[in-house]
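J.: The letter at position 54 of the sequence shown is residue 52 when you use the numbering used here, and the numbering goes up by one with no holes.
Note that the Cβ used here is the ideal one computed from N, Cα and C, for glycine as well.
Quick one: the structure is below, questions incoming.
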Amino acid sequence: KYKETLSLDGCTDCPAHSTTSQTQSSSVGSCVCDPGYHSSVTAQTGSTVAYTGEHLQDSSSRCLACRPDTYKDSRGPGGAGFDTCTACPSHSQTDGDAKATVSACKCWAGYAGQLLVADRDVCAPCAVGKYKTSIGKNM
């Protein structure tokens, strides 16, 4: 919650799928998106419009679910100041949107691996003489 004005009114809820990280917040700009969600703030460069990942800016700002096959494991902007979702490792996918960890990414059929640590764990092809028929569990 946050409160922008000096008054007896109560505090305002942050937009859905967001919260503040501290008490005494005084604007919607203090609200940050939850894991699995990114900010709706965009910028246009030429004819390209892209999500900037900035903090929510005004009451029309929203937190949008990370699209399928992506995840976001932190609340608010990440280390580079961006609030964007990360693609699943190669040869993996999620079973929906709004995923908050790399472990939500599951290896494709024909690939195996346990995805627990981003940028380290991978889905490797099944070895000669072995196979896996479904997405997910290592079988």
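#1: If I measure Cβ to Cβ from Asp93 and keep anything under 6 Å in the same chain, skipping five residues before and after, which residues do I get?
#2: Going straight from the alpha carbon of Ser101 to that of Asp7, what length do you get?
#3: Within the same chain, show all residues whose beta-carbon is closer than 7 Å to that of Ala98, passing over the 5 residues directly before and after it, in chain order.
#4: Using a Cβ-based criterion (distance less than 7 Å to any ligand heavy atom), does Trp106 qualify as near the ligand SAH?
#5: Which of helix, strand or coil does DSSP assign to Val126?
#6: Would you list the one or two residues that DSSP bridges to Ala85?
#7: How many Å lie between Cys124 and Val26 at the Cα?
#8: Between the Cα of Ser24 and those of His15, Gly134, Gly44, Leu54, spot the shortest distance and give me the residue it belongs to.
T.: In short:
#1: Excluding sequence neighbours, Asp93 sits near nothing in its chain.
#2: Straight-line measurement puts the Cα of Asp7 at about 42 Å from the Cα of Ser101.
#3: The answer, listed in chain order, is Pro33, Gly34, Tyr69, Lys70, Asp71.
#4: The ligand SAH is absent from the structure shown, which contains no ligand whatsoever.
#5: Annotated three-state conformation of Val126 is coil, per DSSP.
#6: Paired residue(s): Thr68.
#7: So the alpha carbons of these two residues sit roughly 49 Å apart.
#8: Taking Ser24 as reference, the option from His15, Gly134, Gly44, Leu54 with the minimal CA-CA separation is Leu54.
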